[in-house]
Structure formats: C-alpha cells, structure tokens
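Visitor: Once you've had a glance at the structure underneath, I'll fire off some questions.
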Amino acid sequence: MPPARIIHTRDYELFCQGQLADPYPVLRELRSTEPVHWCEPWGCWVVTSYDDVQQGHLHPCFSSDKARIIMNALPGELRTRVDGLGKHLALWVSHTDPPGHKRLRESVQQPFVARNVAAMETHITELACDLIDAVAPKGRLDVICDLASPLTVTVVCELLGIPPKDIDQFQAWVEEIVAFTDAPALRRPDTAEQALSGLVDLSEYFAEIIRRKRAEPEGDLISTLLCRESERDALHPDELLAMCVQMLVGAYDTTAALIGNSVLLLLRHPEVAERLRTHPERIETAIEEFLRYESPAPRNSRIAMADIELGGQQIREGQTVALMLSAANRDPQQFSDPDRLDIGRSPNRHLAFGSGAHFCLGAPLARLEGQIAVTTILQKMPGLRPVDQSALERPHWQPSTGLRMLKTLPVMFDV
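Per numbering that gives the first Met the number 0, the sequence shown starts with residue 0, numbered consecutively.
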C-alpha cells in the first residue's frame with residue numbers, strides 16, 4: 000500500500016486544470032522535497048527527478064502497458080462495454096513490452112530512420128510554405144489551426160497513403176481517442192464510449208483503405224506492410240489498424256504541440272526569434288531546447304510488474320507511476336539554470352521523447368517538422384507578433400495533463 004492517504008494541496012494543484020498555465024512551480028517543489036510522491040487524486044506515484052524518471056523508463060520491472068492502466072481506471076461495467084477499445088490500445092507500439100514490442104517497432108520503423116526522414120525535408124518545406132502562403136494576404140495566422148495541425152497530419156497521411164482530403168472525415172474520431180487516453184481523473188463519463196465509437200468508424204475507414212491498397216499497392220507504408228503479409232512476423236489486421244491510429248494520434252497532438260510551443264516561446268523571447276532569423280543554422284539546437292523547456296508530452300506512465308524501490312519509495316506490484324518528463328527536463332541536477340531558455344544549451348540530454356526501448360519512434364520526423372515549421376515562419380512572416388498580448392500571458396492550453404498543447408495561437412505579421 001502507498002503511504003498515508005493524505006491529499007496534499009499540491010495534489011490538487013497537479014490535478015487542477017487551472018495549473019495548466021504554469022505547472023512548473025508545483026513540480027519544482029515535489030522534485031526538491033519528495034521526488035517520488037504518492038498523489039491520491041491520480042491514484043499513482045508522481046516521479047519528478049531526472050534520475051528517477053530515467054530509471055522508470057529503463058528498469059524491466061516497469062511495464063509500458065498503458066492500455067491496462069487506462070482500462071483499470073474505468074468502472075467494471077463500463078470496462079466490459081468498451082473492452083474492444085482496451086484491446087486496440089494494447090496493440091499500440093508504445094503500449095507493448097518486449098518481446099512483442101520489438102517486432103511491432105521493427106515492422107514500422109523504416110520511414111522514420113534518419114536517412115528516410117531527411118529525404119522528406121524538401122517536400123515538408125513546400126507544404127509549410129503553401130500553408131503560410133494561403134493566409135499570407137491577410138497578415139495573420141493561427142499557428143495551430145492553420146499550420147501545425149494541417150502540416151503534421153498531412154505528412155503522416157502521405158506516409159500512410161491516406162488522401163489528405165479525408166482529414167475532415169476522420170479528425171473527430173481521432174480526437175475522441177486522444178481524449179480517452181488522457182489522465183483518468185480528467186475523463187468525462189462518456190469519453191470511453193465516444194472513443195469506442197470513433198474507433199469503430201476508423202476501423203471501417205481503414206478497412207476500405209486496406210482493401211484498395213491490396214488491389215492496387217502504392218509506395219506508402221500501408222502498402223508496404225500489406226505486401227509482407229505472408230512473412231512470419233507480419234502485422235495482423237488489428238495490429239495494422241493500431242499502427243495507423245497511433246501514427247495519426249501522434250501527428251494530431253505531440254508533433255503539432257511542438258510547433259505551437261516553439262512559436263509561443265519565440266513570441267515570449269523575441270531576442271531568440273531574432274537570433275534564429277539571422278542564424279538559421281542554430282535551429283537544430285533550438286528545437287532541442289524548446290522540447291526540453293515545454294515538453295509536448297509532459298509524462299509517460301508505467302505500471303510496476305513487481306515490488307520495486309524507486310527514489311526511496313516502495314512501489315508495489317500493480318501500482319502506476321507517472322514519469323514527469325516536464326519535471327525531469329528542468330532538474331537542476333541535470334541542467335544548469337533549467338528555467339532559463341538557452342537555444343545553445345549543450346549538452347541537452349532531455350527526455351521529451353522518453354528513453355530506452357520505447358524512445359519515440361517518430362522523433363526524427365517530429366524534430367524535422369519542428370525545425371522546418373519554425374524556420375519557415377521566421378523567413379516568411381516578418382514582424383511576427385501575437386494578435387492579442389494576453390495570449391502570451393494566458394495561453395489557451397488544451398485541458399490535458401498528458402499533452403502540453405495550445406488550443407490556438409493567433410499571430411500577425413507584416414505583409
């Protein structure tokens with residue numbers, strides 16, 4: 000059992016959506032006083048120090064079976080009704096453990112190796128330019144709605160071989176699944192059933208896509224995987240669906256969040272924007288610092304498969320730990336002056352993409368899209384500034400503890 004079930008003020012602060020604007024003070028306090036802390040409202044251990052978060056990623060006693068964590072949080076009757084949703088989530092690459100994880104990851108990793116991602120640079124740049132050019136005459140743009148989301152989703156659609164024109168058709172279904180995978184304490188009672196409905200619709204959509212690609216294979220990832228169906232380690236249909244859905248979810252949230260958060264930081268630090276405008280070669284280290292400073296995915300979840308000690312606390316078998324990447328990335332034991340934005344920071348061994356076997360498969364693509372989006376904005380949008388100054392002081396964050404993403408970020412620029 001966890002220690003005495005006392006709900007501290009900081010537990011409410013972790014749980015409270017009002018803390019989304021600036022979660023770092025309470026994380027800083029926890030890291031300095033109790034880096035492995037039992038949080039009663041979340042029903043899990045909150046881990047905030049860099050070393051402990053690393054251990055949580057690397058120790059074999061911690062499972063990545065987030066589907067189990069999510070489903071266990073549901074009432075028994077509801078869990079039974081949406082059992083198909085749990086089985087689907089259990090097939091996501093990021094939710095599986097060895098040895099199955101290795102097979103799934105190797106099946107889909109080819110498009111994300113560095114040389115293949117680098118080959119996409121020119122095309123992604125053209126997409127970013129086209130999106131900005133479409134709104135340029137107005138001299139204003141919503142970074143999230145007009146650039147980040149359409150750019151990242153279009154890239155993934157093209158990788159999968161899905162017509163980008165279908166985005167409007169499946170966007171709501173993907174968003175329903177995204178909402179369900181957020182922290183259990185923040186879910187609405189109907190979220191699970193909405194997510195199951197979205198999954199059913201996505202399954203029907205992809206069934207038709209797969210039927211067409213079996214008949215007429217193309218050069219995309221789905222076609223490539225279908226051509227390997229006779230191989231011993233081939234993905235079965237449910238695994239193929241899970242791969243497609245997870246790639247769409249990643250495009251909709253974390254990669255788009257990286258772009259939005261980066262632009263927000265440029266607006267808050269105009270001297271950094273000017274430095275990158277005059278020295279675009281610094282964009283790679285800048286993106287790494289943006290990832291550290293405002294991590295798009297603030298936490299990873301793990302479940303203990305045996306009793307284990309972590310940070311001086313005894314974690315019992317079956318208990319969940321929330322590995323707070325956003326806290327680890329500001330740990331002064333790892334980063335000097337961690338609350339200062341420094342685009343020249345080196346070394347910068349942040350954990351924004353996780354660590355170990357589950358290090359984010361799409362990290363090379365996310366980095367490239369972030370670099371291209373920020374560089375293109377700075378080149379094509381002179382005089383970049385917020386439409387409303389209050390957007391910098393009180394940004395409109397998504398109501399999520401598992402995703403650090405803006406709802407909207409309207410900006411103006413000189414035409």
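Cβ coordinates follow ideal geometry from the N, Cα and C atoms, glycine included.
In chain order, what residues of the same chain have a beta carbon less than 7 Å from the beta carbon of W172, not counting five sequence neighbours either side?
Guide: G197, D200, L201
Visitor: Grab the span of the beta strand (DSSP E) containing R139 for me, first residue to last.
Guide: 139-141
Visitor: Let me know the secondary structure DSSP gives Q312 once reduced to three states.
Guide: strand
Visitor: Name the two residues that bound the continuous alpha helix (DSSP H) containing R366.
Guide: 362-379
Visitor: Assuming R301 is part of the beta strand (DSSP E), what are its boundary residues?
Guide: 298-303
Visitor: What's the C-alpha gap between Q245 and W91?
Guide: 6 Å
Visitor: To the nearest angstrom, report how far apart R213 and R80 are at their CA atoms.
Guide: 32 Å
Visitor: Which residue marks the beginning of the alpha helix (DSSP H) containing T319, and which one marks its end?
Guide: T319 -> not in any alpha helix (DSSP H); beta strand (DSSP E) instead, spanning 319-323.
Visitor: State yes or no: is the C-beta of L364 within less than 8 Å of the C-beta of N328?
Guide: no
Visitor: Give me, in chain order, the residues of the same chain whose beta-carbon lies closer than 8 Å to that of L402; leave out the 5 immediate sequence neighbours on both sides.
Guide: In chain order, V177, D181, D252, T253, A256, P295, A296, P297 place their CB closer than 8 Å to the CB of L402, counting only its own chain and leaving out the 5 sequence neighbours on each side.
Visitor: What first and last residue would you give for the alpha helix (DSSP H) that runs through C60?
Guide: Premise fails: C60 is in no alpha helix (DSSP H) and is neither H nor E.
Visitor: Just checking, does the region 360-376 make contact with the region 221-228 on the three C-beta pairs under 8 Å criterion?
Guide: The region 360-376, when compared against the region 221-228, does not touch it at the 8 Å Cβ threshold.
Visitor: Does DSSP put L225 in a helix, a strand or coil?
Guide: In the structure shown, L225 sits in a helix (DSSP, three-state: H, G or I).
Visitor: Kindly give me the distance between the Cβ atoms of F412 and P385, rounded to whole angstroms, as I take these residues to be in contact under 8 Å.
Guide: So it is not a contact: roughly 11 Å between Cβ atoms.
Visitor: Please determine, among K406, W396, E392, T375, the residue with the shortest C-alpha to C-alpha distance to D132.
Guide: For the residues K406, W396, E392, T375, the minimum Cα distance to D132 belongs to T375.
Visitor: Closest to E308 by CA distance: which of P34, Q168, R30 is it?
Guide: P34
Visitor: Please name the residue in A117, P97, S325 whose C-alpha comes closest to that of P415.
Guide: The requested residue 415 does not occur in the structure, where the chain is confined to residues 0 to 414.
Visitor: Could you check the C-alpha separation between D341 and D189 for me, to the nearest Å?
Guide: 43 Å
Visitor: So, are the CB atoms of A127 and L158 less than 8 Å apart?
Guide: no
Visitor: Taking 8 Å as the threshold (beta carbon to beta carbon), is A113 in contact with chain C?
Guide: Judged by its chain identifiers, the structure shown contains no chain C, having just a single protein chain.
Visitor: Compute the beta-carbon to beta-carbon distance between R393 and A20, rounded to the nearest angstrom, for a pair I have assumed lies under 8 Å.
Guide: Going by Cβ atoms, the distance from R393 to A20 rounds to 6 Å, so yes, they are a contact pair.
Visitor: Between S300, R210, G310, which has its C-alpha nearest K65's C-alpha?
Guide: S300
Visitor: Thinking A410 and F61 are a contact (beta carbons under 8 Å), I'd like their distance in whole angstroms, please.
Guide: Ala is not the amino acid found at residue 410; the sequence shown has Val there. No, V410 and F61 are not in contact; Cβ-Cβ is about 41 Å, not under 8 Å.
Visitor: Report the rounded CA-to-CA distance for H100 versus L77, giving the unit in angstroms.
Guide: 28 Å
Visitor: Measure the beta-carbon distance from L292 to L265 and round it to whole angstroms, keeping in mind my assumption that it falls under 8 Å.
Guide: Reading off the sequence shown, one finds Tyr at residue 292, where the question assumed Leu. Between L265 and Y292 the Cβ distance is about 12 Å, and since that is not below 8 Å, they are no contact.
Visitor: Based on the DSSP output, what are the partners of R384 in its beta bridges?
Guide: M411
Visitor: Tell me the residue span of the alpha helix (DSSP H) that contains W422.
Guide: With the chain covering 0 to 414 only, the question about residue 422 has no answer from this structure.
Visitor: Taking 8 Å as the cut-off, decide whether the C-beta atoms of L73 and A191 are in contact.
Guide: yes
Visitor: Tell me the rounded alpha-carbon separation between E120 and C144.
Guide: 22 Å
Visitor: Give the DSSP-derived three-state secondary structure of H235 in the structure shown.
Guide: coil
Visitor: What are the boundary residues of the alpha helix (DSSP H) that V262 is part of?
Guide: For V262, the enclosing alpha helix (DSSP H) stretches over residues 255-267.
Visitor: Would you identify the three-state DSSP class for H349, choosing helix, strand or coil?
Guide: coil
Visitor: Report the residue from R104, S345, G310 whose alpha carbon sits nearest the alpha carbon of L234.
Guide: The shortest C-alpha separation from L234 is found at R104.
Visitor: Is R67 near I286, with beta carbons less than 8 Å apart?
Guide: no
Visitor: Are the Cβ atoms of D330 and R30 separated by less than 8 Å?
Guide: yes
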